[in-house]
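Participant:
Numbering (this note's numbering), first residue to last: 126 to 230.
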């Protein structure tokens with residue numbers, strides 16, 4: 126007979142943030158978010174960022190996208206979204222999941 130263990134209380138905000146960082150560290154891809162001056166303001170998943178980009182596009186943001194490589198030759202995807210009300214965000218996607226898209230040089 127197995128016993129189902131359930132938590133007695135939800136995770137604290139700090140605990141939730143720690144779990145999110147662990148999930149990002151284990152993900153195939155992570156997206157770093159920068160402001161227009163190059164300061165990193167956060168990280169998220171590819172799915173969340175693609176949703177944010179689609180939402181920004183629907184709100185009239187100008188979207189520019191580049192494919193490049195880092196210093197070690199690993200592929201990067203860079204997206205700049207310039208929102209008419211909120212300014213510019215830059216999203217840098219880490220090494221791509223090659224099942225989704227192959228990078229050519």
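Just so it is clear, CB atoms sit at the ideal spot from N, CA and C, and this is done for glycine as well.
The model shown is predicted, which means the values in this text are computed figures rather than measured ones.
1. Quick check: what's the CA-CA separation for residue 223 versus residue 203?
2. For my contact list, residue 183 and residue 207 are in at a C-beta cut-off of 8 Å; report their separation, rounded to the angstrom.
3. Thinking residue 161 and residue 213 are a contact (beta carbons under 8 Å), I'd like their distance in whole angstroms, please.
4. Compare the beta carbon distance of residue 216 and residue 178 with 8 Å and say whether it is the shorter of the two.
5. Less than 6 Å between C-beta atoms, sequence neighbours within five positions excluded: which residues of the same chain meet that for residue 169?
Facilitator: In terms of the structure at hand:
1. Annotation note: pLDDT 43 at residue 223 (below 50); position unreliable, no value reported.
2. Rounded, the Cβ-Cβ distance is 14 Å, inconsistent with contact.
3. Indeed they touch by this definition, with Cβ atoms about 4 Å apart.
4. yes
5. 156
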